[in-house]
Each structure stands twice: as structure tokens, then as C-alpha cells.
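Quick note: the sequence shown uses numbering that gives the first Met the number 0, first residue 0, plus one each step.
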Amino acid sequence: MKDTKFKEDDLYRILINNTDDFIYSFNLDGHYTAVNHSFCEAFKKNKSEIIGKHYSDLISSEKILDEWQRNINKVYSNQKTIQFELSMDMSDGLVHYYDIKLLPIMNKSGNIIGIHGTNRDITKRYLAL
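Written as C-alpha cells, this is what we have:
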């Protein structure tokens, strides 16, 4: 049974780190608690340089930061998953367009303890319109 659990954990880790989507989570204070490989590559940082940092440390535009904060507040107040699109200047010097999904992370008592997010790069699709 223990070997099966270990293999499942490995499988999840492989799946998370081999997708092009960004997968991440942060706590109620907005500090990253987990990020996947694609997230690190996009920001050209190691995982150790991101974990513990506030999400605002990676967003250079006040306008984008304000929109990001508004959406995070929606998750906290409604306790529901939200989905939205956002463009961001990235470390490659280009503007990327993302389809973003933010989900509340709940504890056993039903209280939000953080947010899990996924960002899918839709730049090619967006520019083709």
C-alpha cells in the first residue's frame, strides 16, 4: 500500500511539472507556497527564489497588480473558483495573454487558507483573432 502511495505522489509530481501551464498556490498573505517548473521557467527564477515571495514581487505593472488583487478578493469573498483573462509583460520581454483559473483552498472546517491557480498561455490563440 505504501509503495502505491509513493508511486501516486510521483505521478502527480510528474504531471504537474511536465505541463506548459503554470500551477501554483499561495497562502492568505499572498506568499507562494508551491510553483511548478513552467512557472519557474516563465519568470526565469528557481523555485527557491519564488517560494515565500509575495505575488506582487513578480508583477511589475500596477494596473495588472490591481486587476490581480481584485480577482483574488473575489475568490476570498465568494469562496468560489473564478476564471479570467489577463495580459502580462514576461521575462522574455514579450506580452503574454493568459487564461487564469483561481480556486480557493479550504481547510477541513471550510475556511479558505489559500489559493491554487493555473495560468494557460493563450497568446497564439489571442493574436490569431
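Each residue gets a CB set at the ideal place from its N, CA and C atoms; glycine is no exception.
Which of helix, strand or coil does DSSP assign to Asp9? Note: Asp9 maps to helix in three-state DSSP.
Inset, instruction - Following the continuous beta strand (DSSP E) through Asp28, name the residue where it begins and the one where it ends. - result: Per DSSP, Asp28 belongs to no beta strand (DSSP E) and is neither H nor E.
Is the distance from the Cβ of Ile81 to the Cβ of Lys100 below 9 Å?
yes
Can you check which of these residues, Met87, Leu64, Ser24, is closest to Tyr97 by C-alpha distance? Answer by Cα proximity: Met87.
Open item on the list: By the DSSP assignment, the beta strand (DSSP E) with Asp88 in it spans what residues?
Closed with: Element bounds for Asp88: 81–88.
* Quickly, what does DSSP pair Ile111 with across the bridge? List them, please. => Beta-bridge pairing by DSSP links Ile111 to Met105.
Practice prompt. Please report the Cβ distance between Ser24 and Gly109, rounded to the nearest whole angstrom; I am assuming they are in contact, meaning their Cβ atoms lie under 8 Å.
Written response: Contact flag wrong, Cβ pair sits at about 18 Å.
Are Leu128 and Ile114 touching if we call contact CB-CB under 9 Å?
-> no
key: Outcome for Tyr54 when other beta-carbon atoms lying within 10 angstroms are tallied against a minimum of 16   = Classification for Tyr54: buried.
Could you name the residues that DSSP lists as bridge partners for Gly116? Tyr23, Leu101
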